[in-house]
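**Q** Below is a structure I'd like to ask you about.
Numbering (my numbering), first residue to last: 7 to 291.
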């Protein structure tokens, strides 16, 4: 099973850490293929050092390892090289390669995307990884539908147009779905607006009150701000705290005030009570 071709010899480059990781990965694949673990430790070590190349062999000699029949193992030797190249990991250079990546003329789009993703692995972008990969693909792809001469401005403009088209499509779909509902085109009997029924109306309406026309509407008040000018006015002997000179065309009186007044005891309706209260209020002012 030793007919498998070993990886090319390791050579020092401007980015030795990346070159070493690539070479080690290929060697481990090769060692699995030839079942290197079944051979004696001394033979395993010899195969590793024979294929590693002159540059790495000179580095190995600086480790000062004492060789015996069982030591060092290839695992120990590979760890020594890992520690040797780790301080020389050049993140700036890796990012330079990433941001310089463009699609080759004969390269498929899928291959280009894979290459960009692989180059981003060791760039330590953190949370920005996905967004930077996307940007690099857009700026580096040769597809004229996305970019013209790899111009960032053209890319941004076309991306904005695509997003606008998507937004318009979503809006149309929502409108089409909305038209299919039963309330579309229906007029509310309360506010007279379209596309909803009176029972679902959320519009608050204040009705104009003519001299001889009283309309009492029940409101729900969660909080009352007691600022401004307030005066206590006695209506039919019942004290009620009114806000003076509000400028409003309509005066609102609490139901409890109406119920506790003499009008309630006299059997009159809320409409009669409101009419009397309005008259008394104007007289007191």
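Each residue gets a CB set at the ideal place from its N, CA and C atoms; glycine is no exception.
Are there 16 or more other CB atoms within 10 angstroms of the CB of residue 221, so buried, or fewer, so exposed?
**A** Translated into the one-based positions of the chain shown, residue 221 becomes position 215. Here the model assigns residue 221 a pLDDT of 46, short of 50, so the residue's position is not dependable and the matter cannot be decided.
**Q** Closer than 7 Å by C-beta to residue 273: which residues in its own chain qualify, once you throw out the five before and the five after it? Chain order, please.
**A** Residue 273 sits at position 267 when you count from the first residue of the chain shown. For residue 273, the pLDDT reaches just 49, beneath the cut-off of 50, and the residue's location in the model is therefore unreliable, leaving the point undetermined.
**Q** Report the option in 80, 20, 204 whose CA atom is closest to the CA atom of residue 30.
**A** Counting from one through the chain shown, the residue named residue 30 turns up at place 24. Of 80, 20, 204, the residue nearest in Cα terms is 80.
**Q** Does the contact criterion of 3 or more C-beta pairs under 8 Å hold for the stretch 39-59 versus the stretch 8-26?
**A** yes
**Q** Exposed or buried, what is residue 146 when buried is set at 16 or more other beta-carbons lying within 10 Å of its beta-carbon?
**A** Here the question's residue 146 lines up with position 140 in the chain shown. Residue 146 is buried by the Cβ-count criterion.
**Q** Please classify residue 53 as buried or exposed, where buried requires at least 16 other C-beta atoms within 10 Å of its C-beta.
**A** Position 47 of the chain shown holds residue 53. Classification for residue 53: buried.
**Q** Check residue 73 in the structure and name its three-state DSSP category.
**A** As a first step, residue 73 must be located in the chain shown, where it is residue number 67. In the structure shown, residue 73 sits in coil (DSSP, three-state: anything other than H, G, I, E or B).
**Q** Taking residue 122 and residue 101 to be in contact with their CB atoms under 8 Å, please state how far apart those CB atoms are, rounded to whole angstroms.
**A** Start at 1 with the first residue of the chain shown, and residue 122 comes out as number 116. Start at 1 with the first residue of the chain shown, and residue 101 comes out as number 95. That belief does not hold up - the Cβ atoms of residue 122 and residue 101 are roughly 12 Å apart, past 8 Å.
**Q** Does the beta carbon of residue 132 sit closer than 8 Å to a beta carbon anywhere in chain D?
**A** In the displayed structure, chain D is absent; only one protein chain is listed.
**Q** Quick one: residues in its chain with C-beta nearer than 7 Å to the C-beta of residue 61, no 5 flanking neighbours on either side, listed in chain order?
**A** Reading the chain shown from its first residue, position 55 is the one you call residue 61. Cβ neighbours of residue 61 beyond the five flanking positions: 16, 17, 18.
**Q** Suppose contacts are defined by Cβ-Cβ distances below 8 Å. Is residue 75 in contact with residue 66 by that definition?
**A** Position 69 of the chain shown, counting from 1, holds the residue named residue 75. Position 60 of the chain shown, counting from 1, holds the residue named residue 66. Pairing residue 75 with residue 66 gives a Cβ-Cβ distance that is not under 8 Å.
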